[in-house]
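First up is the structure itself, then whatever we jot down about it.
Protein chains: 2
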Amino acid sequence: MSSPIKPSQKLSPYPDNITITEVAAEAQVSISAVSRAFNPTGSCAPKTRAKVFAAAEKLGYKPNRLARGLKSNSSLIGILMTDFENPAYLSILSDLTSAIQAHNCHSLLINVGPQKSVTEAVELIMEYHVDGLIVTSSSLPDELISACQRRNTPVVIFGHHSRNAPATIVSCDNVAGGRMAADILLDAGYTRPAFVGATTSVSTTTDRQRGFITRLIERGCTEWTTTEGNRHSYDSGYEATCKLFASTDKPDSIFYLDDIMACGGMDAIRYEFGLKVPEDVGVIGVDDIRLAASRAYDLTTIRQPFTDMVNTAVTALFEQIKDTSIEPKNFTLPCTLVTRGSTRAIPTQAE
Amino acid sequence: MSSPIKPSQKLSPYPDNITITEVAAEAQVSISAVSRAFNPTGSCAPKTRAKVFAAAEKLGYKPNRLARGLKSNSSLIGILMTDFENPAYLSILSDLTSAIQAHNCHSLLINVGPQKSVTEAVELIMEYHVDGLIVTSSSLPDELISACQRRNTPVVIFGHHSRNAPATIVSCDNVAGGRMAADILLDAGYTRPAFVGATTSVSTTTDRQRGFITRLIERGCTEWTTTEGNRHSYDSGYEATCKLFASTDKPDSIFYLDDIMACGGMDAIRYEFGLKVPEDVGVIGVDDIRLAASRAYDLTTIRQPFTDMVNTAVTALFEQIKDTSIEPKNFTLPCTLVTRGSTRAIPTQAE
DNA sequence: CTGAAAGCGCTTACAG
DNA sequence: CTGAAAGCGCTTACAG
Numbered sequence: 006m007s008s009p010i011k012p013s014q015k016l017s018p019y020p021d022n023i024t025i026t027e028v029a030a031e032a033q034v035s036i037s038a039v040s041r042a043f044n045p046t047g048s049c050a051p052k053t054r055a056k057v058f059a060a061a062e063k064l065g066y067k068p069n070r071l072a073r074g075l076k077s078n079s080s081l082i083g084i085l086m087t088d089f090e091n092p093a094y095l096s097i098l099s100d101l102t103s104a105i106q107a108h109n110c111h112s113l114l115i116n117v118g119p120q121k122s123v124t125e126a127v128e129l130i131m132e133y134h135v136d137g138l139i140v141t142s143s144s145l146p147d148e149l150i151s152a153c154q155r156r157n158t159p160v161v162i163f164g165h166h167s168r169n170a171p172a173t174i175v176s177c178d179n180v181a182g183g184r185m186a187a188d189i190l191l192d193a194g195y196t197r198p199a200f201v202g203a204t205t206s207v208s209t210t211t212d213r214q215r216g217f218i219t220r221l222i223e224r225g226c227t228e229w230t231t232t233e234g235n236r237h238s239y240d241s242g243y244e245a246t247c248k249l250f251a252s253t254d255k256p257d258s259i260f261y262l263d264d265i266m267a268c269g270g271m272d273a274i275r276y277e278f279g280l281k282v283p284e285d286v287g288v289i290g291v292d293d294i295r296l297a298a299s300r301a302y303d304l305t306t307i308r309q310p311f312t313d314m315v316n317t318a319v320t321a322l323f324e325q326i327k328d329t330s331i332e333p334k335n336f337t338l339p340c341t342l343v344t345r346g347s348t349r350a351i352p353t354q355a356e
Numbered sequence: 006m007s008s009p010i011k012p013s014q015k016l017s018p019y020p021d022n023i024t025i026t027e028v029a030a031e032a033q034v035s036i037s038a039v040s041r042a043f044n045p046t047g048s049c050a051p052k053t054r055a056k057v058f059a060a061a062e063k064l065g066y067k068p069n070r071l072a073r074g075l076k077s078n079s080s081l082i083g084i085l086m087t088d089f090e091n092p093a094y095l096s097i098l099s100d101l102t103s104a105i106q107a108h109n110c111h112s113l114l115i116n117v118g119p120q121k122s123v124t125e126a127v128e129l130i131m132e133y134h135v136d137g138l139i140v141t142s143s144s145l146p147d148e149l150i151s152a153c154q155r156r157n158t159p160v161v162i163f164g165h166h167s168r169n170a171p172a173t174i175v176s177c178d179n180v181a182g183g184r185m186a187a188d189i190l191l192d193a194g195y196t197r198p199a200f201v202g203a204t205t206s207v208s209t210t211t212d213r214q215r216g217f218i219t220r221l222i223e224r225g226c227t228e229w230t231t232t233e234g235n236r237h238s239y240d241s242g243y244e245a246t247c248k249l250f251a252s253t254d255k256p257d258s259i260f261y262l263d264d265i266m267a268c269g270g271m272d273a274i275r276y277e278f279g280l281k282v283p284e285d286v287g288v289i290g291v292d293d294i295r296l297a298a299s300r301a302y303d304l305t306t307i308r309q310p311f312t313d314m315v316n317t318a319v320t321a322l323f324e325q326i327k328d329t330s331i332e333p334k335n336f337t338l339p340c341t342l343v344t345r346g347s348t349r350a351i352p353t354q355a356e
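Residue numbers (the numbering used here), protein chains in the order written: chain A, 6 to 356; chain B, 6 to 356.
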């Protein structure tokens with residue numbers, strides 16, 4: 006309110022609305038030069054760049070990413086997320102955001118809740134002209150993926166197989182995971198295995214189930230059953246397990262679609278039916294969430310290499326952002342068996 | 006590749022780069038009219054608006070939020086998050102994002118990892134000219150908050166008390182929560198309570214500890230101890246508990262800073278020391294995460310009203326965005342005791 | 001209520 | 001390597 010600030014004495018303690026124009030004036034160059042100085046691809050004499058940086062530093066200049074995004078990249082990566090119940094997604098989100106930030110971009114997180122369709126979500130996210138899109142815990146209609154590609158916005162589907170989709174897919178080998186689960190259960194001497202899936206997640210459920218059942222049959226096991234929970238949640242696993250044990254042919258071991266369902270299931274087995282894990286019922290999950298290693302659950306599980314999967318996804322995404330001619334690829338990472346106390350020890354075999 | 010598309014036959018199957026200009030041409034009005042039609046505050050004749058909407062619909066027009074944000078609001082809300090270990094934050098994030106989306110805005114999620122300071126994170130987020138900022142699981146230096154306010158970017162601190170900070174604070178009454186915990190433990194007949202906090206989270210730790218200890222003293226309890234875990238995690242609770250029971254004066258009940266630490270602690274009590282919960286050791290946490298209600302943990306806890314807290318935070322934030330003259334307020338919501346099986350039943354008192 | 005015009009802050013051919 | 005100029009897609013006083 007005192008005297009108007011003269012252009013010469015810009016020493017405000019906090020960066021306010023310093024734009025490229027002020028920096029150009031301070032450095033005594035054109036605004037084009039400032040822009041190029043800040044842009045790695047822009048040709049700029051070292052001296053000029055130094056002058057510009059000094060001026061920017063002095064004034065506390067921060068580029069306006071919105072303005073930049075108007076002609077250039079927005080530096081925004083959209084993350085579509087459906088499942089906020091499986092704790093695995095918290096660490097996935099942590100890894101995703103930090104990997105994206107390492108590329109000097111930021112994450113626009115869209116909650117694709119039950120009231121919002123994935124199509125709407127994509128439309129919304131495209132209003133921000135994101136540079137790329139990562140879809141977790143659900144898939145995307147092929148036509149939507151194509152529409153994104155047509156706009157040169159690469160799409161990565163995380164965690165789902167989605168064969169033939171025109172996008173980069175990063176998932177782990179769920180069929181092999183299912184087979185591993187079958188082997189460990191059979192090896193441990195269980196004879197009546199069950200599979201508990203979920204309705205919401207098509208490809209992961211079907212792949213794991215397929216690998217599991219196929220392998221059971223290969224090994225001559227005939228007494229298997231399957232059932233489905235509604236969602237990827239503790240409650241869902243609990244309820245599905247109650248249904249399973251209410252029927253006449255009760256299983257002696259259960260392969261759950263994921264760890265959080267397995268935890269719910271294990272609690273049902275122990276507290277609802279008074280059975281012992283692993284003696285009466287063997288339990289195995291998928292993911293290897295933090296809780297799986299807890300003493301309370303001590304869950305045998307098929308570990309998904311989430312950190313690797315995230316790095317693969319983000320690396321592939323940025324490669325496609327850099328060079329839009331790169332064809333989408335499929336990455337199927339191996340999963341590994343983590344043996345803990347929820348399955349019986351495998352008897353030593355005399356070869 | 007056939008013939009160039011004439012402006013008259015715009016019937017492409019998917020919206021591509023249709024801008025306000027195309028819509029204006031189609032609707033035969035000026036671009037100003039289109040802009041006003043889409044802006045609630047813009048005066049526009051109903052007929053004009055109808056024409057514009059019809060044209061927009063026909064062409065599949067979607068506004069470019071980046072361009073809009075250059076002169077107007079960005080519709081972007083920044084969310085700063087530090088803690089990706091406590092599962093409570095997954096549902097908080099779910100609630101936050103959907104509340105923000107209900108306001109037709111979207112969430113820019115910044116992972117304030119250990120390698121990135123909160124100051125850097127704020128600077129980054131401000132490059133996107135977010136309309137508002139929500140800080141979870143950590144606080145913000147007052148000078149940074151002031152810098153944001155000076156740019157008319159309101160800040161809401163979620164979950165921390167942070168007295169005197171020039172921002173809106175939404176938290177629950179942690180002191181009262183600590184007192185409740187003391188009361189339930191003493192009422193149940195425990196005599197040597199301990200408090201397990203965490204170093205990372207100043208105000209919540211100190212408030213809960215203060216309420217807890219103050220109340221213990223008020224009621225004449227003298228044999229209490231305190232210790233600290235490093236982080237808000239299962240492992241941290243486990244380790245802190247091991248330390249506690251390695252010392253000479255072992256507690257007979259423990260109040261943990263949060264549920265996930267309590268779960269780790271309970272597992273240590275049971276599996277590391279072979280003690281019974283609640284007979285030998287009573288356990289109480291804070292949050293009421295999903296896992297607290299599991300059969301395995303069945304954890305007595307001080308419930309934080311997260312959904313209410315999120316709604317309060319988002320509502321307050323948008324009020325301040327709408328009217329920047331509104332002063333920041335403090336909202337302290339009540340927490341409630343949820344009694345489960347990890348504490349002994351309270352003996353019926355003959356008044 | 002409406003349109004022409006200026007402007008938001010930056011990028012990017014285009015000459016030099 | 002550099003600057004002047006046009007433009008990204010939208011908003012917003014300003015006249016009418």
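All residues carry an ideal CB built from backbone N, CA and C; glycine is no exception.
Boundaries of the alpha helix (DSSP H) around phenylalanine 323 (chain B): 311-327. Annotation: isoleucine 307 (chain A) to leucine 342 (chain A) spans about 5 angstroms, alpha carbon to alpha carbon.
With a 10 Å radius around the Cβ and a threshold of 16 neighbouring Cβ atoms, isoleucine 105 (chain A) comes out buried. When rounded, the separation of the alpha-carbon atoms in glycine 47 (chain B) and serine 40 (chain B) is 8 angstroms. Between serine 96 (chain A) and chain B, the shortest Cβ-Cβ separation is below 9 angstroms. Fewer than three Cβ pairs drawn from the region 114-121 of chain B and the region 261-275 of chain B lie within less than 8 angstroms of each other, which leaves the two stretches out of contact. Sequence-ordered contacts of the region 273-288 of chain A with chain B read Ala273, Arg275, Tyr276 and Glu277 [C-beta pairs closer than 9 angstroms]. When the five nearest sequence neighbours on each side are left out, the beta carbons in the same chain lying within less than 7 angstroms of the beta carbon of phenylalanine 43 (chain A) are those of Pro68, in order along the chain. Residues of the same chain with a CB within less than 7 angstroms of the CB of valine 34 (chain B), apart from the 5 flanking positions on each side, are Thr53, Lys56 and Val57 in chain order. Taking the Cα of leucine 296 (chain A) as reference, the smallest distance to any Cα among B:Cys49, B:Glu90 and B:Pro51 is reached at B:Glu90. For the set A:Ala187, A:Gly137, A:Ser299 and A:Tyr133, the Cα lying nearest the Cα of leucine 75 (chain B) is the one of A:Tyr133. Under the three-state reduction of DSSP, threonine 53 (chain A) is assigned to helix.
Where serine 258 (chain A) is concerned, the enclosing beta strand (DSSP E) starts and stops at 258-261. Note on the region 174-236 of chain A: whole alpha helix (DSSP H) runs with a minimum of 4 residues are 179-192 and 207-223, in chain order.
Any Cβ of chain B closer than 9 angstroms to the Cβ of glycine 183 (chain A) would place that residue at the interface, and such an atom is absent.
Residue B:Ala32 holds the alpha-carbon nearest to the alpha-carbon of alanine 60 (chain B) among B:Asp192, B:Ala32 and B:Ser80. Annotated as distal: leucine 304 (chain A) and valine 315 (chain A), with beta-carbon spacing of 9 angstroms or more. For the region 71-91 of chain A, the set of residues with a beta-carbon nearer than 7 angstroms to any beta-carbon of chain B comprises Leu71, Ala72, Gly74, Leu75, Ser79 and Phe89, in chain order. Interface flag for isoleucine 150 (chain B) against chain A is unset, since no Cβ pair is found closer than 9 angstroms. Residue range 111-116 is occupied by the beta strand (DSSP E) that includes serine 112 (chain B). By the neighbour-count criterion, in which 16 or more other beta carbons inside 10 Å mark a residue as buried, alanine 170 (chain A) falls on the buried side. Setting aside the 5 residues that flank it on each side, valine 140 (chain B) is surrounded in the same chain by Leu85 and Ile162, each with a C-beta closer than 6 angstroms to its C-beta; the list follows chain order. Look at the beta carbons and you see the region 228-243 of chain B touching the region 200-217 of chain B: at least three pairs across the two are nearer than 8 angstroms. Taken in chain order, the unbroken stretches of alpha helix (DSSP H) that lie wholly in the region 55-124 of chain A and span 4 residues or more are 70-76 and 93-107.
In chain order, Gly216 and Arg220 place their CB closer than 6 angstroms to the CB of arginine 184 (chain A), counting only its own chain and leaving out the 5 sequence neighbours on each side. In the DSSP annotation of this structure, the continuous segment of the beta strand (DSSP E) that includes glycine 287 (chain A) starts and ends at 287-292. The region 164-180 of chain A makes contact with the region 326-340 of chain A, as at least three CB pairs between them are under 8 angstroms. The continuous alpha helix (DSSP H) containing phenylalanine 43 (chain A) extends over residues 36-43. For leucine 138 (chain A), DSSP records a beta bridge to A:Gly83 and A:Val160. Put simply, of B:Ser238, B:Val160 and B:Gln154 the residue whose alpha carbon is nearest the alpha carbon of isoleucine 294 (chain A) is B:Ser238. In terms of Cβ geometry, aspartate 292 (chain B) and alanine 38 (chain B) do not form a close pair [threshold 9 angstroms]. The alpha carbon of valine 117 (chain B) has as its nearest neighbour, out of B:Gly83, B:Ile97 and B:Arg275, the alpha carbon of B:Gly83. In the three-state reduction of the DSSP assignment, isoleucine 150 (chain A) falls in the helix class.
Secondary structure at arginine 308 (chain B): strand, using DSSP grouped into helix, strand and coil. In this structure, the straight-line span from the alpha carbon of alanine 298 (chain B) to that of serine 347 (chain B) is close to 11 angstroms. Interface residue (Cβ-Cβ distance to chain A less than 9 angstroms): histidine 108 (chain B) is not classified as such.
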